[in-house]
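> Numbering (our numbering), first residue to last: 1 to 253.
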Amino acid sequence: MPTKKRSEQEPQPKYRAIADYLREGILNGTFPEGRPVPSEDKLAELFKVTRPTVRQGIAELRASGLVEVMAGRGAFVRSLHSRPSLTRPRGVRRTADGQYVDADGISWTDVETPTATRTDAPLALAELLRIPPGEPMFTYDVLQTADAGRLRQLHRTYVPFSVLAGTKYEEKAPPPAPALFSALAELGHELTFTEHVRTRMPLPDQAKALHLGEGVPVFQLLRVATGNDSRPLALEELHLPGSDLDLIYDMQP
Numbered sequence: 001m002p003t004k005k006r007s008e009q010e011p012q013p014k015y016r017a018i019a020d021y022l023r024e025g026i027l028n029g030t031f032p033e034g035r036p037v038p039s040e041d042k043l044a045e046l047f048k049v050t051r052p053t054v055r056q057g058i059a060e061l062r063a064s065g066l067v068e069v070m071a072g073r074g075a076f077v078r079s080l081h082s083r084p085s086l087t088r089p090r091g092v093r094r095t096a097d098g099q100y101v102d103a104d105g106i107s108w109t110d111v112e113t114p115t116a117t118r119t120d121a122p123l124a125l126a127e128l129l130r131i132p133p134g135e136p137m138f139t140y141d142v143l144q145t146a147d148a149g150r151l152r153q154l155h156r157t158y159v160p161f162s163v164l165a166g167t168k169y170e171e172k173a174p175p176p177a178p179a180l181f182s183a184l185a186e187l188g189h190e191l192t193f194t195e196h197v198r199t200r201m202p203l204p205d206q207a208k209a210l211h212l213g214e215g216v217p218v219f220q221l222l223r224v225a226t227g228n229d230s231r232p233l234a235l236e237e238l239h240l241p242g243s244d245l246d247l248i249y250d251m252q253p
C-alpha cells in the first residue's frame, strides 16, 4: 500500500503542537526553570483551541518531567535538580513482633478484599520463580490506597503451588503479601528479597485505576521472596504511578 506524501498526511494534532512549542521554549530558555509557562487562556488564544486541548498538551510535558502543575497556580517549568513530590524508600523490614513491612512505612488500605485465584505461571514469571511454565499458582490482585486516596498502587501476589506442597497451605490458600511472608517464616524459611524495577506504559485499566493522565508511565516492581537454599518462594508485582516519584534503595556494602 503506497504511503502518503507529506502534504497528504494528517496534520499534527493541536495538543502536540502546543507541547512542542512549550518544550522548545523550555529547552532554549524562553521559559526559565521555576517560572510559569503561558496560561491556559493565552495558549488557547494563541493556538485557537479549547482549554482541554491545552491541558492535553501540558500533560505531555508533565509526563516527561519538564513541567509540574500546581493547583490554582498553573504549570511551572521544573528544575532539573528539584526534588520529586513523593520519595519512597524501597526494601522490606521485620518488626519486633515478626511482621514484614515495607521500608517506606506507608499504611496501605485494600479497596476490596483480595481473593485468591488459580493462575498458570507465564514464562517470564516462571523464570523468576524457577518453576516450570504453566505451573499453577495462587494469585491475589488488589488496588491499594493511602493518604486519603492520594496515593494509589496495584498489588499482585503470586505463590506457586509447589512451594506449599506438604504444608498446612497445601489444601487452602495462604494469605497475600505482606502477611504471606510471616506465614512462610512460620514454615521455617529465612527470607531475603530481590526487587526488579522496570518502566512501561500502563494498560488502559491500570491507568484508570491509578488515576493517571495521558502519557504517564508506571513503575513495575517485581519483588521476589527467597527462602532456604536460595529457593524463590513468592513474587509480588506492584504498579506505581511513574510521575514525580523517587524510589530510593539502601545498598549495603
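C-beta: ideal position from N, C-alpha, C; glycine also.
All values derive from a computational prediction rather than experimental measurement.
#1: So, helix, strand or coil for Q153, using DSSP?
#2: Check this for me: beta carbons of L154 and L203, under 8 Å apart or not?
#3: In terms of residue numbering, what span does the alpha helix (DSSP H) encompassing A126 cover?
#4: When burial is assigned at 16 or more other CB atoms within 10 Å of the CB, is E190 buried or exposed?
#5: Report the option in P32, P114 and Y15 whose CA atom is closest to the CA atom of A59.
#6: For V111, does the count of other Cβ atoms within 10 angstroms reach 16, so buried, or fall short, so exposed?
#7: Keeping to the same chain, check which residues put their C-beta closer than 7 Å to that of Q206; ignore five residues upstream and five downstream.
#8: Quick check: what's the CA-CA separation for I26 versus V37?
#9: Return yes when the Cβ of V159 is within less than 8 Å of the Cβ of F138, no when it is not.
#10: Assuming E106 contacts L164 under a Cβ cut-off of 8 Å, what Cβ separation, rounded to an integer in Å, is found between them?
#11: Have a look at Q99, P89, P13 and G98 and flag the residue whose alpha-carbon is nearest the alpha-carbon of G57.
#12: In angstroms, rounded to a whole number, what distance separates the CA positions of K172 and A225?
#13: Buried or exposed for E45, please, with buried defined as at least 16 other CB atoms from any protein chain shown within 10 angstroms of its CB.
#14: Look at the alpha carbon of R78 and the alpha carbon of R23, and state the distance between them as a whole number of angstroms.
#15: Mind checking E170: buried by the 16 CB within 10 Å criterion, or exposed?
#16: Considering only heavy atoms of the ligand ATP, does any lie closer than 7 Å to the CB of E68?
#17: What separation, rounded to the nearest whole angstrom, lies between the Cα atoms of Y21 and P241?
#18: Hey, out of L180, H196 and G213, whose CA is closest to G227's CA?
#19: Can you check DSSP and say which residues form a bridge with D141?
#20: Classify Y249: buried if its beta carbon has 16 or more other beta carbons within 10 angstroms, exposed otherwise.
#21: In whole angstroms, what separates the C-alpha of M201 from that of P89?
#22: What residues in its chain sit with their C-beta under 7 Å from that of K42, if we drop five residues either side in the sequence?
#23: Could you check what DSSP says for I18 in three-state terms: helix, strand or coil?
#24: Do you know how far the Cα of S39 is from the Cα of E237?
#25: If you reduce the DSSP assignment to three classes, tell me which class R45 lands in.
#26: Count the other CB atoms, across all protein chains shown, that sit within 10 Å of the CB of S7; report buried if there are 16 or more and exposed otherwise.
From the atom records:
#1: strand
#2: no
#3: L123 to L129
#4: exposed
#5: Y15
#6: exposed
#7: L154, V218 and H239
#8: 9 Å
#9: yes
#10: According to the sequence provided, residue 106 is Ile. The question's Glu does not apply to it. Between L164 and I106 the Cβ distance is about 29 Å, and since that is not below 8 Å, they are no contact.
#11: P13
#12: 20 Å
#13: exposed
#14: 12 Å
#15: exposed
#16: As far as ligands go, the structure on display features none, and thus does not contain the ligand ATP.
#17: 26 Å
#18: L180
#19: R156
#20: exposed
#21: 23 Å
#22: none
#23: helix
#24: 39 Å
#25: Position check: residue 45 holds Glu in this sequence, whereas Arg was assumed. It is helical.
#26: Bear in mind that the predicted position of S7 carries a pLDDT of just 47, short of 50, making it unreliable; the figure below should be weighed with that in mind. Result: exposed.
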